[in-house]
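Colleague: Numbering (numbering that gives the first Met the number 0), first residue to last: 0 to 500.
For glycine and all other residues, C-beta sits at the position ideal for the given N, C-alpha and C.
One structure follows; several queries about it will come next.
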Amino acid sequence: MEDRVRVFDTTLRDGEQSPGISLGVREKVEIAEQLQRLGVDVIEAGFPATSQGDFDAVSLIAGKLPETVVCALARANTGDIDRAWEAVAGAERPRIHTFVSTSDIHLEHQLRKSRDEVLEMTRESVARARSHCPDVEFSPMDATRSDPEYLYRVLRVAIENGAGVLNIPDTVGYAVPREFAELIRGIFENVEGIEGVTVSVHCHNDLGLAVANSLAALEVGARQVECAVNGLGERAGNASLEEIVMTLKVRNDRLGLCTGIDSTEISRTSRLVALLTGYPVQPNKAVVGKNAFAHESGIHQDGVLKERITYEIMDAASVGLVESHIVLGKHSGRHAFREQLERLGYYLEDEELNQAFTRFKELADKKGSLSGEDIEAIAVEYIRTEGQEWKLGGYEVHSGGSQAPPSATITLERGEEHVTERAIGDGMVDAACKAIRAALGIEARLCSFTVEAITEGLNSLGDVTIQLDVKGRRVVGRGVSTDIVEASARAYLNAVNKVLR
Ligand code: KIV
Ligand code: ZN
């Protein structure tokens, strides 16, 4: 059996279903291009039937990625499948991924369909997808809680109608590794025609077992693994791409499997996804957490100083973590700024570069010098806010004192239009957010607010992440500045703009 595992990335589809994440088209394209650089085999770019925005993003990505299979998700019905095809038809290597639930729990309580009806839906949807596209993937949703005998029948029908990839999802993260491996083994032993297709797995992390379950399935013959950068996805997320890839690489001695991933692109991909989605990476996260290569105890430090392999099973450089010595200051020119951006992997068009450079100058004037991380944060903020309806024109805040409450005056701009509002609040940040709300007439509840320093040191850029609830819908916004009030106003405006979008 071949030892090459195909990596199917679903950051832009299942990952985007994480509460609060709402990526714009430009942000999705930036992530997709980075995923291609990372070397994933398949990018699930979205679910075109769900919204015009998703459709547009999938179509745009389809036209931009020559090397990678671009896949669109569709429920098992004609409308979804035709829409998915419309979106990916322009890709060099298009794929339609269609799915229907197979567990009795879902059939009874959600679909309200009989087993025979679902078999028929499988037949019709796979055949329909196949009439458009030579590359069709089929998923029996909630497979791990389905009757295996029925599951085999559904999979057989999918193969007979032309599916080339059968993806087995642990939709609710219920399986444990040995059990999941047995399910996959059962599929290999009982589904006629299985030798001619690729078996894939898609595991959720509700019990923290998504990576372990995926690896167990690969050990018994699955050769495509679905995963997401930083483990993003519905609820507790999907299997984390970086953990699977690095396990296969570091433990090749035991597992004998490899991928086409360039692991040195992992850190950058993780940072880009965290910055654009507003979902920070926990410090102790395997492979990409801030502490993944940090040693605190004296014994460990002593060991690593003498010989790295005493306490490190992988080299930080193998995931692309290299010390950044980049420093630019207020006298640095556009050329140096562009060169540093490109070194960091950001390729902005001339007009975009001009605007990002203006912001760089503003910050360099205040902060003196900017590190590689600061420059990256500026580029990402530019991508994040490009096309944003309202921009922050200006602001003035007063901390108040014993005689007056804190207040903020904010000016927002939309093309030639300017709106200025003043508000008072519990603090300057609160006042600034209230002024934005008043200016745009939007009711929003603040659910969470975090401030992080981009680099170490007192003059670091502040990176604010805000989560808002607007009429029951969660949105995340992020903003960067030397000034926390400004960073907060930018983050707030970023979130509100997503609602308006
Ligand atoms: O978790 C799941 O079952 C899915 C399917 C659409 C593959 O995301
Ligand atoms: Zn899923």
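Could you give the distance in angstroms between the alpha-carbon of residue 244 and the alpha-carbon of residue 262?
Modeller: Sequence index remark: in the sequence shown, residue 244 carries index 245 (1-based). Sequence index remark: in the sequence shown, residue 262 carries index 263 (1-based). Taking the straight line from one Cα to the other gives about 8 Å.
Colleague: Run through the DSSP bridge pairs and tell me what residue 468 is partnered with.
Modeller: In the sequence shown, residue 468 corresponds to position 469, counting from 1. Residue 468 pairs with 444, 473.
Colleague: Kindly indicate the opening and closing residues of the alpha helix (DSSP H) around residue 35.
Modeller: Your numbering for residue 35 matches position 36 in the sequence shown. Where residue 35 is concerned, the enclosing alpha helix (DSSP H) stretches over 24-37.
Colleague: Measuring CA to CA, which of 49, 144, 372, 3 is closest to residue 16?
Modeller: Residue numbering aside, residue 16 sits at position 17 when the sequence shown is read from its first letter. Of 49, 144, 372, 3, the residue nearest in Cα terms is 49.
Colleague: From the DSSP output, in three-state form, read off residue 219 for me.
Modeller: Counting from 1 along the sequence shown, the entry for residue 219 is found at position 220. Looking at residue 219 - three-state DSSP - the assignment turns out to be coil, as it is neither helix nor strand.
Colleague: Could you spell out the range, first to last residue, of the beta strand (DSSP E) harbouring residue 334?
Modeller: One-based indexing of the sequence shown puts residue 334 at position 335. Per DSSP, residue 334 belongs to no beta strand (DSSP E); it is in the alpha helix (DSSP H), 333-342.
Colleague: Going by DSSP, what residues sit across from residue 226 in a beta bridge?
Modeller: On the sequence shown, position 227 is the one that residue 226 refers to. DSSP output for residue 226 lists 8 as bridge partner(s).
Colleague: Contact defined as beta carbons within less than 8 Å: I believe residue 75 pairs with residue 97. What is the distance between those atoms, to the nearest angstrom?
Modeller: Walking along the sequence shown from the start, residue 75 turns up at place 76. Walking along the sequence shown from the start, residue 97 turns up at place 98. Right, their Cβ atoms sit about 5 Å apart.
Colleague: Determine the DSSP secondary structure at residue 302, reduced to helix, strand or coil.
Modeller: Working through the sequence shown from its first residue, we reach residue 302 at position 303. Correct three-state label for residue 302: helix.
Colleague: Is it right to say residue 1 is buried, meaning 16 or more other beta carbons lie within 10 angstroms of its own, or is it exposed?
Modeller: Start at 1 with the first residue of the sequence shown, and residue 1 comes out as number 2. Flag for residue 1 reads exposed.
Colleague: Spell out a yes or no on whether the region 147-164 and the region 111-119 are touching, meaning 3 or more CB-CB pairs, one atom from each, closer than 8 Å.
Modeller: With the cut-off at 8 Å, the region 147-164 and the region 111-119 touch.
Colleague: Can you pull the DSSP bridge partners for residue 0?
Modeller: The sequence position of residue 0 within the sequence shown is 1, counting from 1. None; residue 0 has no bridge partner.
Colleague: Counting only the same chain and skipping the five closest in sequence on each side, list residues whose C-beta sits under 6 Å from that of residue 432.
Modeller: Within the sequence shown, residue 432 is the residue found at index 433, counting from 1. Only 491 meet the Cβ criterion.
Colleague: Excluding sequence positions up to five away, which residues of its chain have a Cβ less than 8 Å from the Cβ of residue 437?
Modeller: Here the question's residue 437 lines up with position 438 in the sequence shown. Once the five neighbours on either side are set aside, the close Cβ partners of residue 437 are 420, 422.
Colleague: One question on the structure: do residue 197 and residue 222 come within less than 8 Å of each other, judged by their Cβ atoms?
Modeller: Here residue 197 is taken as the residue at index 198 of the sequence shown, counted from 1. Here residue 222 is taken as the residue at index 223 of the sequence shown, counted from 1. Yes, these two residues count as a Cβ contact at 8 Å.
Colleague: Is there contact between the region 352-372 and the region 325-332, where contact requires at least three CB pairs shorter than 8 Å?
Modeller: Touching, yes.
Colleague: Quick test of the definition: if touching needs 3 or more C-beta pairs under 8 Å, does the region 106-114 touch the region 71-89?
Modeller: Touching, no, given that fewer than three Cβ pairs across the two stretches are closer than 8 Å.
Colleague: At 4 residues or longer, and completely inside the region 227-284: list those alpha helix (DSSP H) runs for me, N to C.
Modeller: List check, alpha helix (DSSP H) in window: 240-249, 251-254, 265-276.
Colleague: Output yes or no for whether 8 Å exceeds the beta carbon distance between residue 408 and residue 493.
Modeller: Residue 408 sits at position 409 when you count from the first residue of the sequence shown. Residue 493 sits at position 494 when you count from the first residue of the sequence shown. The answer is no: Cβ separation not under 8 Å.
Colleague: Considering only C-alpha positions, which residue in the set 227, 24, 343, 398 is nearest to residue 41?
Modeller: The residue you call residue 41 lines up with position 42 of the sequence shown. Of the candidates 227, 24, 343, 398, the one whose C-alpha sits nearest the C-alpha of residue 41 is 227.
Colleague: So residue 83 is in the alpha helix (DSSP H); what residue range does that whole segment cover?
Modeller: Residue numbering aside, residue 83 sits at position 84 when the sequence shown is read from its first letter. Here the alpha helix (DSSP H) through residue 83 covers 77-87.
Colleague: In the DSSP assignment, find the unbroken alpha helix (DSSP H) run with residue 185 in it and report its ends.
Modeller: Within the sequence shown, residue 185 is the residue found at index 186, counting from 1. Counting along the chain, the alpha helix (DSSP H) containing residue 185 begins and ends at 176-189.
Colleague: Start and end of the beta strand (DSSP E) containing residue 44?
Modeller: Within the sequence shown, numbered from 1, the residue matching residue 44 stands at position 45. Residue 44 -> beta strand (DSSP E) spans 41-45.
Colleague: Can you tell me whether residue 132 is helix, strand or coil according to DSSP?
Modeller: Position 133 of the sequence shown, counted from the start, is the residue given in the question as residue 132. It is coil, neither helix nor strand.
Colleague: Taking the alpha-carbon positions, what's the residue 185 to residue 78 distance?
Modeller: Locating residue 185 in the sequence shown gives position 186, where the first residue counts as 1. Locating residue 78 in the sequence shown gives position 79, where the first residue counts as 1. Using only the alpha carbons, I get a separation of about 33 Å.
Colleague: From the DSSP output, in three-state form, read off residue 495 for me.
Modeller: Within the sequence shown, residue 495 is the residue found at index 496, counting from 1. Three-state DSSP puts residue 495 in a helix.
Colleague: Looking only at its own chain, which residues have a Cβ that is under 6 Å from the Cβ of residue 202, when we skip the five neighbours before and after it?
Modeller: Translated into the one-based positions of the sequence shown, residue 202 becomes position 203. Closer than 6 Å at the Cβ level, and outside the excluded window around residue 202, lie 169, 209, 212, 213, 238.
Colleague: Quick check: does the Cβ of residue 201 come within less than 7 Å of any heavy atom belonging to the ligand KIV?
Modeller: As a first step, residue 201 must be located in the sequence shown, where it is residue number 202. Yes, the beta carbon of residue 201 sits closer than 7 Å to at least one heavy atom of the ligand KIV.
Colleague: Could you give the DSSP three-state label for residue 154: helix, strand or coil?
Modeller: The sequence position of residue 154 within the sequence shown is 155, counting from 1. Helix.
Colleague: Inspect the CB distances between the region 24-31 and the region 265-277 and report whether three or more fall short of 8 Å.
Modeller: Yes, the region 24-31 touches the region 265-277.
Colleague: Less than 8 Å between the CB atoms is what I'm expecting for residue 485 and residue 394, so what's the real figure, rounded?
Modeller: Position 486 of the sequence shown, counting from 1, holds the residue named residue 485. Position 395 of the sequence shown, counting from 1, holds the residue named residue 394. Residue 485 to residue 394, Cβ: 6 Å. Contact.
Colleague: Check whether the Cβ of residue 13 sits closer than 7 Å to any heavy atom of the ligand KIV, and report yes or no.
Modeller: On the sequence shown, residue 13 is found 14 positions in, with the first residue counted as 1. Yes, the ligand KIV has a heavy atom inside 7 Å of this Cβ.
Colleague: Is residue 35 near residue 67, with beta carbons less than 8 Å apart?
Modeller: For the purposes of this step, residue 35 is identified with residue 36 of the sequence shown, where counting begins at 1. For the purposes of this step, residue 67 is identified with residue 68 of the sequence shown, where counting begins at 1. Cβ distance < 8 Å, so residue 35 and residue 67 count as in contact.
Colleague: Quick one: give me the first and last residue of the alpha helix (DSSP H) that residue 310 is part of.
Modeller: Here residue 310 corresponds to residue number 311 of the sequence shown, with the count starting at 1. Here residue 310 belongs to no alpha helix (DSSP H), and DSSP marks it neither H nor E.
Colleague: Considering only C-alpha positions, which residue in the set 379, 430, 389, 386 is nearest to residue 403?
Modeller: Position 404 of the sequence shown, counting from 1, holds the residue named residue 403. Among 379, 430, 389, 386, the Cα nearest to that of residue 403 belongs to 430.
Colleague: Alpha carbon to alpha carbon, how far is residue 89 from residue 132?
Modeller: In the sequence shown, counting from the first residue as 1, residue 89 sits at position 90. In the sequence shown, counting from the first residue as 1, residue 132 sits at position 133. Distance between the alpha carbons of residue 89 and residue 132: 11 Å.
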